[in-house]
Each structure stands twice: as structure tokens, then as C-alpha cells.
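My numbering applies: residue 2 is where the sequence shown begins, and numbers increase by one.
In this text, a Cβ means the ideal position worked out from N, Cα and C, and glycines have one as well.
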Amino acid sequence: MILFDHVTKHYHGDSRPALDNISMHIAANEFVFLVGKSGAGKSTLLKMITKEEIPDSGKIVIGGIDLDYVKKKHIPNYRRRIGVVFQDYKLLPTRTVYENVAFALEIAGMSNHEIENTVPKVLDLVGLSDKAYRFPDNLSGGERQRVSIARSVARQPKILIADEPTGNLDVLTSKEIIDLLQKINDYGTTVLVTTHDASIVNLLKKRVITMKDGKIVSDQKEHGIYRLDGNNDGISRLPHPGYMRATSYLSPEENPLAHKKSVIEVNINQNENNNELTGHKTPKRRRLIQ
Numbered sequence: 002m003i004l005f006d007h008v009t010k011h012y013h014g015d016s017r018p019a020l021d022n023i024s025m026h027i028a029a030n031e032f033v034f035l036v037g038k039s040g041a042g043k044s045t046l047l048k049m050i051t052k053e054e055i056p057d058s059g060k061i062v063i064g065g066i067d068l069d070y071v072k073k074k075h076i077p078n079y080r081r082r083i084g085v086v087f088q089d090y091k092l093l094p095t096r097t098v099y100e101n102v103a104f105a106l107e108i109a110g111m112s113n114h115e116i117e118n119t120v121p122k123v124l125d126l127v128g129l130s131d132k133a134y135r136f137p138d139n140l141s142g143g144e145r146q147r148v149s150i151a152r153s154v155a156r157q158p159k160i161l162i163a164d165e166p167t168g169n170l171d172v173l174t175s176k177e178i179i180d181l182l183q184k185i186n187d188y189g190t191t192v193l194v195t196t197h198d199a200s201i202v203n204l205l206k207k208r209v210i211t212m213k214d215g216k217i218v219s220d221q222k223e224h225g226i227y228r229l230d231g232n233n234d235g236i237s238r239l240p241h242p243g244y245m246r247a248t249s250y251l252s253p254e255e256n257p258l259a260h261k262k263s264v265i266e267v268n269i270n271q272n273e274n275n276n277e278l279t280g281h282k283t284p285k286r287r288r289l290i291q
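Rendered as C-alpha cells:
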């Protein structure tokens with residue numbers, strides 16, 4: 002579902018790469034926490050997934066789509082396949098809860114009939130049916146984040162990225178938001194969450210990928226815990242960050258570093274269940290919105 006193969010990104014003027022030979026694979030239906038202090042490379046990694054940035058080297062495959070071949074004119078369409086939840090919500094302040102969600106669907110090209118049918122179901126999913134006609138200023142922080150999540154999942158994306166979704170929330174509300182993300186994951190959506198909240202990470206014990214200085218220094222596949230030290234600087238009880246050697250997830254025939262392939266046009270409308278590169282068969286997903 003999400004594949005990085007020896008990905009490196011260096012920004013001009015920086016002394017070290019923002020991403021340094023990153024390789025990882027996140028399968029369909031996984032729930033993954035991405036942790037690391039500020040500057041570790043988390044934001045750059047997310048921007049690679051949404052194609053806001055492009056790597057200097059390496060390969061990225063998202064939902065069976067090789068991003069090397071996604072043309073600029075197709076990027077908006079590609080991004081609609083991915084739901085993104087932001088720490089600061091990014092809601093339209095002059096529109097109601099209903100209108101914020103409806104606007105996202107309108108931009109995606111849904112008909113009025115589809116929008117009228119979908120929005121109430123999405124608001125019910127996130128527990129905001131009774132707040133449909135309130136404006137963002139009349140909502141709590143947790144309710145605003147629920148609107149952000151509703152807007153992100155309304156198109157039923159197969160991948161949901163949540164960038165510090167609990168960063169501005171209290172402990173109880175944070176737990177409620179993570180429970181909602183877990184509920185969405187239970188329907189078959191792949192969820193990737195960046196966070197500094199050790200209590201949430203340790204409570205769920207999901208897969209935890211830890212980054213430092215642009216490298217993946219720990220990848221706990223199961224029962225993961227938050228392994229940064231107390232001041233988020235360094236990794237607790239882990240060897241030197243360079244100990245994890247980057248591994249290619251592509252076969253020699255598919256790896257562009259081992260064998261130069263001829264350029265092909267990737268159809269942006271191709272079936273997202275194509276996982277030939279990863280070798281994983283995508284499980285059937287239940288629909289978030291029936």
C-alpha cells in the first residue's frame with residue numbers, strides 16, 4: 002500500500018538529508034505510528050506520499066501507483082485518493098460542519114444527490130450529526146478535529162494520513178480521536194499517524210516506526226511502544242541510528258537501482274488493488290459509508 006525503496010531527499014543548504022536512504026513497506030489495513038522529534042524527517046516523508054515533494058533518488062509506490070510516472074496534471078486526482086488530517090484542522094471558518102464536508106465532496110466532483118446522501122452518514126460516523134449546522138468557532142477542539150476527519154474520509158480513501166491529530170487536544174479528547182481513527186482502520190483503511198503522544202502510542206501497541214536524522218532507526222512491527230527518550234532527543238535503549246541497514250522491498254527485476262526499466266505511463270485511474278510490486282494481496286474492505 003505504501004512503499005519507499007531507498008528514498009533520499011536533500012534540501013539545498015542543509016548539512017544532512019531530510020530523508021536518508023529510507024526503505025519501508027506499510028501493508029493494506031495497517032495502523033502505523035510514525036514518531037520522532039522535530040526535524041527527524043516525518044513531515045518530509047508525508048510530503049513524499051502526497052507528492053508535495055519528490056525524492057532525489059529511490060522509488061515510491063502508493064496504492065500500486067509508481068509516483069515517478071504521475072504527471073503534474075494528475076496530481077490533484079491522485080491526492081483525492083488519500084485522506085489527510087491536520088493538527089490545525091484547516092476548516093473553512095465561514096462554513097458549517099455540513100458545508101465543510103460537502104465542499105470537499107463538491108471539489109471531488111460528486112453530484113448534489115451524492116453529497117446529500119453521503120454527508121449525513123459521514124457525520125454520523127464521527128459522532129457529529131447533532132452539530133451539522135454549527136460553525137467551527139462554535140465547536141470544541143475535539144469536535145473540529147472530528148470535522149477534519151469526516152472531510153478526509155468522506156471519499157472513502159484507502160489511505161488516511163493523520164499529522165499530529167491530537168497535538169492541540171487534552172488527554173481524554175486525544176483518546177477519543179485515536180479511537181475514531183482505530184474505528185476507521187477497522188473498516189479496512191490504512192492509517193498512518195505522526196505523533197509525539199507517548200501515552201497514545203503505548204496504549205494502542207500498534208506498529209511504531211521511529212525516525213531520527215532522516216533515518217528509520219526502529220521499526221516495531223507489533224506491540225510497539227514510544228522509544229524516544231524523555232526530551233524527545235535520541236532513542237531510548239536502541240543501538241546507534243545507523244544500525245538498521247536499508248533493505249529494498251522490490252525484486253531485482255523491479256528495482257530501478259538494479260535494472261533500468263523503460264519509462265511507462267501509469268494510468269492514474271488504475272485499480273488501487275494492484276499490489277504486484279509488494280506481493281501482498283489486498284484484503285476486502287468494508288465500506289465506511291454504506
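Grouping DSSP H, G and I as helix and E and B as strand, with all else coil, what is residue i?
i    : result
Q157 : coil
R208 : strand
G84  : strand
K184 : helix
T167 : coil
S112 : coil
T97  : coil
G142 : helix
V8   : strand
L92  : coil
V127 : coil
Check whether the Cβ atoms of residue i and residue j sit closer than 8 Å, and answer yes or no.
i    : j    : result
K72  : T45  : no
A1   : V192 : Only positions 2 to 291 of the chain appear in the structure, and residue 1 is not among them; the question remains open.
A103 : V120 : yes
H7   : S58  : yes
Considering only C-alpha positions, which residue in the set the options is nearest to residue i?
i    : options               : result
R167 : Y188, V98, E144, V123 : The sequence shown places Thr at residue 167, not Arg. The shortest C-alpha separation from T167 is found at E144.
D69  : R81, R17, F5          : F5
V36  : A29, L47, I83         : L47
Please work out which residues of its chain come closer than 7 Å, Cβ to Cβ, to residue i, disregarding the five sequence neighbours upstream and downstream, and give them in chain order.
i    : result
N101 : L92, L93, V148, R152
I178 : G143, Q146, P166, T167, L170
G128 : R147
G42  : A19, L20, M212, G215
Identify the continuous beta strand (DSSP E) that holds residue i and give its terminal residues.
i    : result
H26  : 20 to 27
D131 : Careful: D131 lies outside any beta strand (DSSP E) and carries neither H nor E.
I322 : Look at the range of the chain in this structure, 2 to 291, and you will see that residue 322 is not part of it.
G225 : First-last for G225: undefined, no H or E at that position.
F32  : 32 to 36
So, at 8 Å on beta carbons, what are the nonlocal neighbours of residue i in its own chain, with the 5 sequence-adjacent residues on each side left out?
i    : result
E107 : I116
D89  : N169
In terms of residues, what are the limits of the alpha helix (DSSP H) holding residue i?
i   : result
L46 : 43 to 50
So, for residue i: in the same chain, excluding its five sequence neighbours on each side, which residues have a beta-carbon less than 6 Å away from its beta-carbon?
i    : result
T174 : G143
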